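Numbering (UniProt numbering), first residue to last: 1 to 150. One structure is given below, encoded as structure tokens.
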Amino acid sequence: MFTMENQNQKTMLSEHFSFEEMVRSGVAERRAIDNIPTGADIERMRLLCANVLEPVRRRFGVTRISSGFRSAELNAAVGGVPASQHLLGEAADIHISCMETGMKVYDYIRRNLDFDQLLFEHRMSNGCRWLHVSYTVRRPNRRQASAIDC
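Written out as structure tokens, the structure is:
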């Protein structure tokens with residue numbers, strides 16, 4: 001099992017996803033917010049990587065994570081919902097470069113993978129798009145999918 005004691009920035013959670021990229025945050029760096037997961041959070045990140053992110057990577061190539069694990073302080077700083085699965089290491093936001101690619105990734109996950117939530121989201125002010133995807137083992141995955149306004 002992964003623990004903070006045996007982690008370093010280069011530790012791989014899966015073949016293509018590192019511990020560092022799943023906890024990295026520009027907001028945390030700018031505001032000096034500790035973004036340190038527990039051992040249980042790290043194990044949930046590993047499961048998310050193995051069950052969702054790796055299959056996406058194999059199908060579509062390089063997959064950039066814009067937000068993975070968030071501490072409570074970081075989640076509040078970025079305006080995350082109080083019960084966000086990011087707080088548990090169960091969620092990641094995948095950067096989407098264009099609408100067409102985003103819909104292909106969204107449809108692939110929705111049709112082929114087990115997931116808890118899949119949300120195609122965007123920020124109106126700057127046009128930034130991302131897929132929020134979560135995976136849990138705390139209960140059966142709900143397979144909730146939404147691509148509103150996309």
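Don't be surprised by glycine CBs; every beta carbon is placed ideally from N, CA and C. Predicted model only: the values in this text are computed from it and were never measured.
Per DSSP, what are the beta-bridge partners of ARG129 in this structure?
For ARG129, which the question treats as bridged, DSSP gives the partners ILE96, HIS122.
Is ILE109 helix, strand or coil when you go by DSSP?
Residue state, collapsed to three classes: helix.
Since GLU73 and ILE33 should fall inside the 8 Å C-beta cutoff, what is the C-beta to C-beta distance between them, to a whole number of angstroms?
Indeed they touch by this definition, with Cβ atoms about 5 Å apart.
Are the segment 94-107 and the segment 9-17 in contact at 8 Å, needing three or more beta carbon pairs?
The answer is no - the segment 9-17 does not touch the segment 94-107, with fewer than three Cβ pairs under 8 Å.
Taking Cβ to Cβ, would you say SER66 is nearer than 9 Å to ILE94?
Yes, the Cβ-Cβ distance between SER66 and ILE94 is below 9 Å.
Helix, strand or coil for ILE42? Go by DSSP, reduced to three states.
Note: ILE42 maps to helix in three-state DSSP.
So, under 8 Å CB-CB, PRO37 and GLY89 are touching, yes? Tell me the CB distance rounded to an integer number of Å.
Indeed, because the Cβ distance is near 6 Å, the residues count as touching under 8 Å.
Hey, quick one: how far does the beta strand (DSSP E) through ALA145 stretch, first residue to last?
Looking at the DSSP string, the run of the beta strand (DSSP E) that includes ALA145 is 144-146.
Would you list the one or two residues that DSSP bridges to SER18?
Paired residues: MET12.
Going by the CB atoms, is the gap between MET22 and ALA92 shorter than 9 Å?
Yes, they are a contact pair.
Under the three-state reduction of DSSP, which class applies to ALA83: helix, strand or coil?
Reduced to three states, the DSSP call for ALA83 is coil.
Residues in its own chain within less than 6 Å of ARG139 by CB, not counting five upstream and five downstream?
Closer than 6 Å at the Cβ level, and outside the excluded window around ARG139, lies no residue.
For ALA40, I'd like the list of residues in its chain whose CB is within less than 6 Å of its CB, leaving aside the five on either flank, ordered along the chain.
The answer is none, since no qualifying residue turns up.
Tell me the residue span of the alpha helix (DSSP H) that contains VAL56.
It spans 54-60 - the alpha helix (DSSP H) in which VAL56 sits, taken as one unbroken run.
So, is VAL105 buried or exposed, given that buried needs 16 or more other C-beta atoms within 10 angstroms?
Buried.
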